[in-house]
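Asks: Quick one: the structure is below, and I'll ask about it shortly.
2 protein chains.
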Amino acid sequence: MSEPKPLTRNQTLVLDTLSAEHAPLSAYDILDRLREEGLKAPLQVYRALETLTERGLAHRLESLNAFVACAGDDCHRSGVIGFAICEKCGSVAEFSDFVLRQRLEGWADRQGFHPHETTIEMRGMCAACSVAA
Amino acid sequence: MSEPKPLTRNQTLVLDTLSAEHAPLSAYDILDRLREEGLKAPLQVYRALETLTERGLAHRLESLNAFVACAGDDCHRSGVIGFAICEKCGSVAEFSDFVLRQRLEGWADRQGFHPHETTIEMRGMCAACSVAA
DNA sequence: ACTCTAATGTTATATCATTACGCTTGCTTC
DNA sequence: GAAGCAAGCGTAATGATATAACATTAGAGT
Chain W
1 MSEPKPLTRN QTLVLDTLSA EHAPLSAYDI LDRLREEGLK APLQVYRALE TLTERGLAHR
61 LESLNAFVAC AGDDCHRSGV IGFAICEKCG SVAEFSDFVL RQRLEGWADR QGFHPHETTI
121 EMRGMCAACS VAA
Chain L
1001 MSEPKPLTRN QTLVLDTLSA EHAPLSAYDI LDRLREEGLK APLQVYRALE TLTERGLAHR
1061 LESLNAFVAC AGDDCHRSGV IGFAICEKCG SVAEFSDFVL RQRLEGWADR QGFHPHETTI
1121 EMRGMCAACS VAA
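Chains as they are written, first to last, in the working numbering: chain W, 1 to 133; chain L, 1001 to 1133.
Next up, the structure:
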């Protein structure tokens, strides 16, 4: 274990943008917010996102084609993460459940399937929005 | 309960195309295969896919932005379906697990979250490809 | 200094999905 | 049967998401 590598300028800009938002952002949303910082092309954002997601500092929401900052400090440790995405307010809750993970791995083992990346996303209505409705 | 509504021509074409393939197809892949049948625009495919997925005859793989025909006859009955997608050969296995479902619903209940649509996708290497490697 | 790796900047392009609009078809309700 | 309605269809245009290709730069290690 050595020092964690510091983030580069673009990576920091992108992560800060995600952290400041309470909802998922698409790569293009992020780009728009960072034009005044000098970013010009989608690729600059996608590249930063790639690094951030690899390091567990951000997550990609497959069903939204969008990204969020990691909610906990230790996402890189927990193997499988689930997301509950509110379709009304856009809030995203992150969860990690051992039984869930075990169950998926159990199935995979029995099938001889070797999972590399797992996506669990529930879309629906969060508690606050359910009350409001 | 009345007779199940018959599929329209476009819906049938799209479903047949998906069924004939052993891997996920994007909407544009499908369109390409159906040009000689007279389909010309993406929307014709997307509209058919919308109906097919609503009726549980096809599934959308969020992490691939692609579609597959439903593997079982009863997908519309099982609430939550998981997919294991081989990144090497493209094969897709469908599974449905009661404990998994229970676990997700349990979490949702405790949070007051009302799930509407749930996505579970594992990407990795299938048994056959693992052996070959 | 040399080399290796990661990240960068830029342009162009590929891929995925929807909006808008008007027409046709098959009900069903009077 | 005419009026109204909902679902589906056809077409063109556009919007949104993502990557390819290529040249360059910055830093770490030797």
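For each residue, glycine too, the CB sits at the ideal point set by N, CA and C.
Please list the segments of the beta strand (DSSP E) lying wholly inside the segment 8-77 of chain W, counting only runs of 3 or more residues, in order along the chain.
Replies: 58-61, 66-69
Asks: Since L/F1113 meets chain W, which of its residues come closer than 9 Å, beta carbon to beta carbon?
Replies: A84, C86, A93, M122, G124, M125, C126, A127, S130
Asks: Listing by chain order, which chain L residues have their CB less than 7 Å from the CB of W/V99?
Replies: R1103
Asks: First and last residue of the beta strand (DSSP E) that includes L/V1131?
Replies: Counting along the chain, L/V1131 falls outside any beta strand (DSSP E), though it belongs to the alpha helix (DSSP H) covering 1127-1132.
Asks: In three-state DSSP terms, what is L/E1087?
Replies: coil
Asks: Among all the DSSP beta bridges, which residues are the ones paired with L/A1108?
Replies: In the DSSP output, where bridge partners are listed per residue, L/A1108 has none listed.
Asks: Nearest chain W C-beta to L/S1063 closer than 9 Å, yes or no?
Replies: yes
Asks: Using only the alpha-carbon positions, how far apart do L/S1134 and L/I1120 sit?
Replies: Residue 1134 of chain L lies beyond the range of chain L shown here (1001 to 1133); nothing can be said about it.
Asks: Cβ atoms of L/L1061 and L/V1092: under 9 Å apart, would you say?
Replies: Contact flag set, yes.
Asks: Return yes when the C-beta of W/I30 is under 8 Å from any heavy atom of the ligand NAD, and no when it is not.
Replies: In terms of ligand content, the structure shown is empty, and the ligand NAD therefore cannot be addressed.
Asks: Looking only at DSSP bridge pairs, what is W/R103 linked to?
Replies: Answer is none; W/R103 lacks a bridge partner.
Asks: Output needed in chain order: residues of the segment 1033-1062 of chain L with a Cβ under 7 Å from some Cβ in chain W.
Replies: From the segment 1033-1062 of chain L, only E1062 have a Cβ closer than 7 Å to chain W.
Asks: Does W/S2 have its Cβ less than 9 Å from a Cβ in chain L?
Replies: Caution is warranted here: a pLDDT of 42 is assigned to W/S2, below 50, making its placement in the model unreliable, and no coordinate value can be reported.
Asks: Is it right to say W/V131 is buried, meaning 16 or more other beta carbons lie within 10 angstroms of its own, or is it exposed?
Replies: exposed
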